[in-house]
């Protein structure tokens, strides 16, 4: 009898592999359920969805799919330069937002968060809603500043979002003033040059 049990027993390594496989399946199921059911949003976390990377926000509106929850499109109206009022338009499709906000953050430099809350006049039951508002980019002393516009849609199922990267350039007059100021700071004073002669 003992001999028959010994022949049917699994090797310890096989038992370990079975346990690791079962644990992996349980963890995967947890993440899949969490992803597809989306948290209730009470914890304030945003579920992020990657944008279409080939879009240039400074030239045309950009869109992103919010998984199976819908789609957003962001457009910026006006001159994309620092300290200039910037019109913001977001179109939501197949998602029922309770609110939409756009956060402007510096990609390579901490510029703080410039948050704009958008409003709509469309009925909450519409499949396609137009949201609008106004924002402003902070001033940076560099000629070109890399920004990220984060669009966050608050729904009854949670907060969903995507981001769009773009660059801002100061207006020509501001760039010229900045260059003139830098030149004055770092050019030698004429009086000190004459004394040395």
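Numbering (the numbering used here), first residue to last: 206 to 402.
Every residue gets a Cβ at the ideal spot worked out from N, C-alpha and C, and that includes glycine.
Inter-residue Cα distance where the pair is residue i and residue j
i: residue 366; j: residue 289; result: 25 Å
i: residue 330; j: residue 221; result: 53 Å
i: residue 362; j: residue 328; result: 19 Å
i: residue 226; j: residue 233; result: 11 Å
i: residue 277; j: residue 307; result: 12 Å
i: residue 271; j: residue 253; result: 8 Å
i: residue 236; j: residue 256; result: 21 Å
i: residue 301; j: residue 369; result: 21 Å
i: residue 344; j: residue 265; result: 23 Å
i: residue 245; j: residue 349; result: Bear in mind that a pLDDT of 47 at residue 245, under 50, signals an unreliable position, so the model cannot answer this.
i: residue 274; j: residue 214; result: 49 Å
i: residue 216; j: residue 231; result: 23 Å
i: residue 391; j: residue 314; result: 24 Å
i: residue 356; j: residue 316; result: 17 Å
i: residue 360; j: residue 238; result: 18 Å
i: residue 218; j: residue 332; result: 55 Å
Buried/exposed call for residue i, threshold 16 Cβ in 10 Å
i: residue 334; result: buried
i: residue 224; result: exposed
i: residue 303; result: exposed
i: residue 229; result: exposed
i: residue 342; result: buried
Option in the options with minimal Cα separation from residue i
i: residue 339; options: 321, 355, 353; result: 321
i: residue 354; options: 312, 215, 364, 375; result: 312
i: residue 372; options: 216, 326, 215, 284; result: 284
i: residue 310; options: 336, 360, 287, 352; result: 352
i: residue 268; options: 298, 239, 218; result: 298
i: residue 374; options: 238, 286, 218, 239; result: 286
Distance between beta carbons of residue j and residue i, contact taken as under 8 Å
i: residue 281; j: residue 291; result: 6 Å
i: residue 323; j: residue 295; result: 6 Å
i: residue 251; j: residue 326; result: Rounded, the Cβ-Cβ distance is 25 Å, inconsistent with contact.
i: residue 358; j: residue 318; result: At roughly 17 Å, the Cβ-Cβ gap does not stay under 8 Å, so residue 358 and residue 318 are not in contact.
i: residue 293; j: residue 337; result: 7 Å
Quiz item: Which ranges does the alpha helix (DSSP H) cover as unbroken runs of at least 4 residues, wholly within the region 305-362, from first to last along the chain?
Solution: none
Quiz prompt | Every unbroken alpha helix (DSSP H) inside the region 215-267 [4 residues or more] | solution = 217-242
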